[in-house]
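> Below is a structure I'd like to ask you about.
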Amino acid sequence: MKRISLIVCLMLLLLFTGCATNYYNLPAEQVVERVKVLGVAPIIVDGDSDIRFPQKEELVTLLTNANRINERHLLRLLKNTDSFYAVTMTDADPRALFASLVQRRERRDDAAIQYNKYFWKADALQDYLKKNNLDALLLVVISGITRAEKIYGTAMLDSFETDYNYLSMTAQMVDDKGVVIWEYPNFRQRSLSYVPLLNLQYPDFEYAKANMSSMAPVRFKTIEGIKRALDRRRLDFLRRETGDVDIYLTQFEEIASLIKLDRTSKPLPPTAPAQQAPVREQPR
1 MKRISLIVCL MLLLLFTGCA TNYYNLPAEQ VVERVKVLGV APIIVDGDSD IRFPQKEELV
61 TLLTNANRIN ERHLLRLLKN TDSFYAVTMT DADPRALFAS LVQRRERRDD AAIQYNKYFW
121 KADALQDYLK KNNLDALLLV VISGITRAEK IYGTAMLDSF ETDYNYLSMT AQMVDDKGVV
181 IWEYPNFRQR SLSYVPLLNL QYPDFEYAKA NMSSMAPVRF KTIEGIKRAL DRRRLDFLRR
241 ETGDVDIYLT QFEEIASLIK LDRTSKPLPP TAPAQQAPVR EQPR
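Numbering (the working numbering) for the sequence shown: 1 to 284.
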């Protein structure tokens, strides 16, 4: 009986770890054939999205600067997946690039996950990819979204459920025809998960307690508090600060894990040598 149980456990282990999972919207072999050179656009901040922060322009500027510092870590993680012949970051102003490529934004609620989905201009994408000698482009967008959430106090004794304003990070890999090859949040996982980048609001439990009220007022965080959150470093196992910003790296690691193609060998180079797009690996 013990032997049979062991065999069953081994079979289940092989089933869940040995089988390749394709998180793409196309069969893996098609992705391998079509996407050899992947371009990564500078991370975009959608300032016209549902960002309700009082100092909105200051927040957008803060995010834009933080993106420039941290996006090189996304490039590193994508290269480490060995899923493409080349991965390069394109040199472009993110605001101007977004304005030239975006067609529209749509607030979505899919499988109980709320996020902003973007649609792109096929002609503009085709010109941009051709100009930079790319097979596909990864577009990462930070946008605002308001959603219902129950937030607990530090001691987990208090909670308040209402609508809170968040910053979320989404990503799409698109080809020159505007076809979405891959996207994040990703709905091809066995267990769906999607964590916002940052909550811009919090319930003031101390105020409610001091005034003996069951209604905790919802306040916006300060710009200084948000900056500290965007600067907070990840700690290693010895509790020492690393060079990686935790809030960004958490999102980047999730994106890279879902982009990784399960293959036994690195993809073949393009049939015709392509001149890669200008590389920008250091923050500006």
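C-beta: ideal position from N, C-alpha, C; glycine also.
Since this is a predicted model, take the numbers as computed values, not measurements.
1. Could you tell me which uninterrupted alpha helix (DSSP H) segments, each at least 4 residues in length, are contained entirely in the region 60–136, listed from first to last along the chain?
2. Find the nearest neighbour of L63 within the set K260, P203, Q201, I226, judged by alpha-carbon distance.
3. Return the chain-ordered ranges of every beta strand (DSSP E) run that is complete within the region 185–269 and spans a minimum of 3 residues.
4. Below 7 Å, is the gap between the Cβ of E254 and the nearest heavy atom of the ligand COA?
5. Could you pull out every unbroken beta strand (DSSP E) segment of at least 3 residues lying fully inside the region 148–182, listed in chain order?
6. Give me whichever residues DSSP pairs with N32 in a beta bridge.
7. Taking the beta strand (DSSP E) that G47 falls in, what are its first and last residues?
8. Just reading off the beta strand (DSSP E) that L38 is part of, what are its end residues?
9. Can you give me the Cβ contacts of D163 inside the same chain, cut-off strictly under 6 Å, excluding the 5 residues immediately before and after it?
10. Which residue or residues does DSSP assign as beta-bridge partners of T146?
11. If we ignore side chains and look at the alpha-carbon of each, how far apart do I44 and A92 end up?
Taking the definition as stated:
1. Within the region 60–136, the alpha helix (DSSP H) runs of at least 4 residues that lie entirely inside it are, in chain order, 94–101, 122–131.
2. Of K260, P203, Q201, I226, the residue nearest in Cα terms is I226.
3. For the region 185–269, whole beta strand (DSSP E) runs of length 3 or above, ordered along the chain, are 201–203, 218–220, 233–235, 241–245.
4. For the ligand COA, the structure offers nothing, since it holds no ligand at all.
5. Every beta strand (DSSP E) stretch that sits fully inside the region 148–182 and reaches 3 residues is listed by chain position as 159–174.
6. A small correction: the amino acid at residue 32 is Val; Asn does not occupy that position in the sequence shown. V32 is not bridged to any residue.
7. From DSSP, G47 is part of no beta strand (DSSP E); its letter is neither H nor E.
8. Its beta strand (DSSP E) spans residues 37–40.
9. For D163, where only same-chain residues beyond five positions count, the Cβ hits under 6 Å are T146, A148.
10. Note: T146 sits in a beta bridge opposite N165.
11. Going from the Cα of I44 to the Cα of A92 covers about 11 Å.
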